[in-house]
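Novice:
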Amino acid sequence: MAVGTGFGRTDDDAAPLRKNREFNLLWGSQAASQLGSAVSIMAFPLLVLSIDGSPVQAGAVGTVQAVIRAVFQLPAGALTDRWNRKRLMLACDAGRAALFALLAAAVVIGQASLPLVFAVSGTAAVMDVLFGPAETAAISQLVPAGRVSEAFARNEARSYTAALVGPSFGGFLYTLGRAVPFAFDALSYLVSFGSIAAIRKPLQQSRNNISDSSLVSDIREGLRYVAGSPFLRAVILVATPVNFALVAAQFSVTLVLNKNGYPPSVLGLAQGVIAAGGLLGAFTAAWIQRRAPFHALLRAAVSIMFVLLVASALLTGRLLMVIPLALGLLLAPAINAALLGRLAATTPDHLQGRVISVVVLFATVTAAAAPLSAGLLVERLTGTAAMTACAAAMALSLISALCLGGLRNGPVEGRQCRNVEGSRESAPL
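In case it helps, numbering that gives the first Met the number 0 puts the sequence shown at residues 0 to 428.
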């Protein structure tokens, strides 16, 4: 992987991340926080159902959170670039800890209501989306340029582990008491708060000039930067169908296997196998991305995922359809880590929050519609039609990956940005 190319190799680059105190504090804070979030995601619909909510209302909690994240994504990136990142992250952690402690207390005293559940989950979603760009942008300030992609690979492993362990752990905690998962989530944010507070290095470069522009102007600047970058435009065009295809395929597997009479235990096992594929890919992401430059890695990964989705479509209805999908997810973490590493290494620090938010929003916007689309195809047509649609979406990504030259031009553009802003090594820490 060539993320650090052009910056030179330093002694810090050679030092393993396990010896980087500041990064490990940030990484550990989010390991706790993401596990807590995965626990509460499982517990929210159960709580809604327990207080006389309908299945529709239980599902609406997740929908409301998704809508809020989409609406606030661009403003959150702009605010990340305006405000002190560490203070913003600490404020979000403190706020979320208070929210979930309040909800847990309300459950204990029997005062939990549907409006309270929606208020807590919605407000927490706002803080989630404010925290995300700040944490991602902080990586390039704590990790040497040659280790940035490796750092994001470790983040991928952390996320997949939380997603794999969190739901079952959340179900277990819920059996101990309805308030327990939310109390656990509150505790996870306190752990995160303490870890971030202990970080000594600044999480952003010093700002020489205080911007007096409006928030809308800041958002437009981020949009213009992404629109003017052939590399980022190409990444979005490739990533958008990929995200739709993978989310729709995972949802389709559950619907198809359920329709073919497989019991819930088997459905859970199938999803566990798929998640395990992503987790294994996360642990090997750093090794994979060192084997080839980003553009070659992306094209190879999308090509392989297309072939595997076609194989899964041909196996529709059989439990074996899970295996190709799990194998496809082996490559997803390496791509994510390489992309975020490239973005962090090539984007000026004062723009990172906005650029991250723009890329995340446009690359994932269609994924929100993937479960509904898959459900309609399975219900109105067949499971094979749904899986074929997933393969077709991946084919669009493959065409973009093969035809768009901007993927290859990313490093050159990044070095030009660094020349304007100054190298990260010379920036004040």
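Built from N, CA and C at the ideal position, the CB exists for glycine as well.
1. Put ASN335 into one of helix, strand or coil per three-state DSSP.
2. Secondary structure at GLY267, three-state DSSP: helix, strand or coil?
3. Measure the C-alpha to C-alpha separation of VAL306 and THR363 and round it to an integer number of angstroms.
4. Could you give the DSSP three-state label for GLY176: helix, strand or coil?
5. Are the segment 222–241 and the segment 281–289 touching, with three or more C-beta to C-beta distances below 8 Å?
6. Taking only three categories from DSSP, how would you classify ALA197?
7. Would you call the segment 361–379 in contact with the segment 302–319, where contact means no fewer than 3 C-beta pairs closer than 8 Å?
8. How big is the Cα-Cα spacing for GLY277 and ASP211?
9. Going by the CB atoms, is the gap between MET386 and MET304 shorter than 7 Å?
10. According to DSSP, is ASP211 part of a helix, a strand, or is it coil?
11. Looking at GLY165: is its Cβ nearer than 7 Å to the Cβ of ALA37?
12. Verify whether the separation of the beta carbon atoms of TYR173 and ALA42 is less than 7 Å.
13. Residues in the same chain with beta-carbon distance under 7 Å from ALA59, minus the five sequence neighbours each way, listed in chain order, please.
14. Could you tell me whether the Cβ atoms of VAL119 and LEU102 are closer together than 7 Å?
15. Please classify PHE230 as buried or exposed, where buried requires at least 16 neighbouring CB atoms within 10 angstroms.
16. On a CA-only basis, which of ALA137, GLN249, ALA291 and ALA391 is nearest VAL272? Give me that one, please.
17. Suppose only complete runs of 4+ residues qualify. What are the alpha helix (DSSP H) ranges in the segment 329–397, listed by chain order?
18. Residue range of the alpha helix (DSSP H) that ILE303 falls in?
19. Please classify TRP82: does DSSP put it in a helix, a strand, or coil?
20. Count the CB pairs spanning the segment 183–198 and the segment 79–96 that are closer than 8 Å, and state whether there are at least three.
21. For PRO410 and PRO332, what's the separation of their Cα atoms in angstroms?
22. Quick one: grab the DSSP three-state call for GLN204.
23. Using a 10 Å radius around the Cβ and a threshold of 16 neighbouring Cβ atoms, would you call GLU378 buried or exposed?
24. What's the call for ASN473, buried or exposed, on a 16-neighbour Cβ count within 10 Å?
25. Assuming VAL106 contacts PHE183 under a Cβ cut-off of 8 Å, what Cβ separation, rounded to an integer in Å, is found between them?
26. Counting beta carbon pairs with one atom in the segment 215–224 and one in the segment 56–72, are three or more of them shorter than 8 Å?
27. For ILE355 and LEU78, I'd like the C-alpha separation in whole angstroms.
28. Note down the Cα distance separating GLY327 from VAL309, rounded to an integer number of angstroms.
29. For GLY405, which residues in the same chain have their Cβ closer than 7 Å to its Cβ, ignoring the five residues on either side in sequence?
30. Using the C-alpha atoms, what's the distance from SER205 back to LEU342?
31. Could you check where the alpha helix (DSSP H) with LEU16 kicks off and where it finishes?
32. Taking all protein chains shown into account, do 16 or more other C-beta atoms lie within 10 angstroms of the C-beta of ALA14, making it buried, or fewer, making it exposed?
33. Could you check if PRO240 is buried or exposed, using at least 16 other CB atoms within 10 Å of its CB as the buried criterion?
34. Give me the Cα-Cα distance between THR346 and LEU380, rounded to the nearest whole angstrom.
35. Could you check the C-alpha separation between ALA300 and LEU397 for me, to the nearest Å?
36. For chain B, find out if any of its Cβ atoms is closer than 7 Å to the Cβ of THR174; answer yes or no.
Specialist: For this structure:
1. helix
2. GLY267: helix per DSSP, three-state reduction.
3. Their backbone Cα atoms lie some 22 Å apart in a straight line.
4. Coil, per DSSP.
5. Short answer: they don't touch.
6. Look at ALA197 here: in three-state DSSP terms it is coil, with no helix or strand label.
7. no
8. 43 Å
9. MET386 sits away from MET304, with the two beta carbons spaced by 7 Å or more.
10. coil
11. yes
12. yes
13. none
14. yes
15. Residue burial is scored here from C-beta neighbours: PHE230 has at least 16 other C-beta atoms within 10 angstroms and is therefore classed as buried.
16. GLN249
17. Contiguous alpha helix (DSSP H) elements confined to the segment 329–397 occur at 331–345, 351–363 and 369–379, taking only those with 4 or more residues.
18. 293–313
19. coil
20. yes
21. Caution applies to PRO410, whose pLDDT of 39 falls short of 50 and renders its modelled position unreliable; the value that the coordinates give is listed next. For PRO410 and PRO332, the distance between alpha carbons rounds to 20 Å.
22. coil
23. exposed
24. This structure does not reach residue 473, given that the chain is present from 0 up to 428, and the question cannot be answered.
25. The pair is not a contact, with the Cβ atoms about 13 Å apart (cut-off 8 Å).
26. no
27. 12 Å
28. Cα-Cα distance, rounded: 11 Å.
29. PRO229, PHE230, ARG232 and ALA233
30. 20 Å
31. That residue, LEU16, is in no alpha helix (DSSP H); it is neither H nor E in DSSP.
32. Exposed: under 16 other Cβ atoms inside 10 Å.
33. Classification of PRO240: buried, given that the 10 Å Cβ count is 16 or more.
34. 45 Å
35. Going by the C-alpha atoms only, they are around 9 Å apart.
36. The displayed structure is made up of one protein chain only, and chain B is not part of it.
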